[in-house]
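Structure record follows, encoded as structure tokens.
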Amino acid sequence: MQRELSQQEIDAVFEKMDGAQPAAGSSLILFDFRRADRISKTQLRAIHALHESFVRNLVSSLSAYLDAFVQGNLVSVEQLPLSDLIAGMPQPTCLVSLNIQPGQGSAAMEINTGLVYSILDKLLGGKGSPEVAENREMTDVEERVLEGVLRLIVQNLTETWKTAAGVEFQSQAIESDPSLLRIVKPSESLVAIALELRVVDTVGLLTLAIPSVIVKSMSREFERQWADDVESSDSERMQMFELLLAGGVELESRIEGARLRTSQVLALEPGDILMFGCPLARQVDGAVNGRPKFKGRVVDIERKRALLIEQPSAALKLPA
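Number 258 in my numbering belongs to position 241 of the sequence shown; there are no gaps in the numbering.
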């Protein structure tokens, strides 16, 4: 049989609740429901590592495609609202909308116009250094010329992300007005990956923008592929060192200093003597797998040439 509480008992319960204190050591964390798409710092570090590889591959591909000097480095990986990203973009610019497959959504890529016109100048037979800095929208013809480079960039991006999350990127359309970027709501956040590229003498930014909700949905793949490395213990390092002791290396000594003209090299015949101008007392380099690791002198032992090591490299010292 259920018993009903009297009014006095009910009042006593509320009095105890009003005077209750939080448990010792407890902490409250504010949760912003407007930022439910925020991703962790671990994932941001994973994306940073992922795009360091992307930059290296992209620089190599662009150098070969343009037959030009190309450098690049990853500037930043950050999470920010779409409105902030648009506010920081120049106008006009080269804005490429990207489709993410399978069924993930949309992303975007922005390339500074200075960098774009340097690439176009190189593709059209120039040196890659326009005489006049241009700040205008691209023509339809220029967009068609640029399509090959955009495909190359997207291909490298796909190869990078496919290993980590199994997704592919496809370029859709080119715009010049950043305000037309509508991959998420203005208040929703994106992961912005900024790359600095140098093509010949022109330096500019290439920025990738991927919705945070898409990155967050792939958290399991990121954690599996890009888990933080755990520092190895002293015993593990010693075990690895002992395994390396059984490996083989190539040793060689080098005498440098002789310089010949191409015509002299072509005229060399058996019996010719090359003067290196290197006194017998001078130290020469001893190399391990092609890298100088020792300093020593060439000596004669049992009518054979040998290298007397005089200064071992600190890099080859055994671990304590």
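Ideal Cβ positions, reconstructed from N, Cα and C, are used throughout, including at glycine. Predicted model only: the values in this text are computed from it and were never measured.
Once DSSP output is grouped into helix, strand and coil, what is the label at residue i?
i, result
"N129", "coil"
"A85", "coil"
"S135", "helix"
"S114", "strand"
"D251", "helix"
"E269", "strand"
"T224", "strand"
"D246", "Because D246 sits at a pLDDT of 47, beneath the cut-off of 50, its placement in the model cannot be relied upon, and the following sentence gives the value as read from the coordinates. Here D246 sits in coil by DSSP."
"R168", "helix"
"D218", "coil"
"S146", "coil"
"N9", "A query on residue 9 cannot be resolved here, the shown segment of the chain reaching from 18 to 337 and no further."
"E176", "helix"
"E259", "helix"
I need the boundaries of the alpha helix (DSSP H) containing residue i, first residue and last residue.
i, result
"L197", "Premise fails: L197 is in no alpha helix (DSSP H) and is neither H nor E."
"A323", "Careful: A323 lies outside any alpha helix (DSSP H), inside the beta strand (DSSP E) at K321 to P329."
"I103", "L99 to A104"
"S204", "Per DSSP, S204 belongs to no alpha helix (DSSP H) and is neither H nor E."
"S188", "Element bounds for S188: not the alpha helix (DSSP H) but the beta strand (DSSP E), E185 to E192."
"I56", "That residue, I56, is in no alpha helix (DSSP H); it is neither H nor E in DSSP."
Within this structure, are the beta carbons of residue i and residue j separated by less than 7 Å?
i, j, result
"P203", "S114", "no"
"S135", "V266", "no"
"L325", "G313", "yes"
"Q200", "S123", "In the sequence as presented, Gln is not what sits at residue 200; that position holds Ile. Contact: yes."
"I117", "V72", "no"
"M155", "L225", "no"
"I210", "V305", "no"
"G145", "D138", "yes"
"F258", "I272", "no"
"L212", "L102", "no"
"S270", "I56", "no"
"L174", "F186", "yes"
"L140", "V162", "yes"
"D302", "P309", "yes"
"L112", "E164", "no"
"L223", "I290", "no"
"P98", "S206", "yes"
Since residue i contacts residue j with CB under 8 Å, what's their CB separation in whole angstroms?
i, j, result
"V208", "Q96", "6 Å"
"R195", "R153", "Correcting the residue type first, residue 195 is Pro in the shown sequence and not Arg. Wrong, their Cβ atoms sit about 15 Å apart, outside the cutoff."
Does residue i come within less than 7 Å of chain B when only Cβ atoms are used?
i, result
"S100", "In the structure shown, chain B cannot be found, because there is only a single protein chain."
Whole beta strand (DSSP E) elements within the stretch 275-314, 3-residue minimum: 301-305
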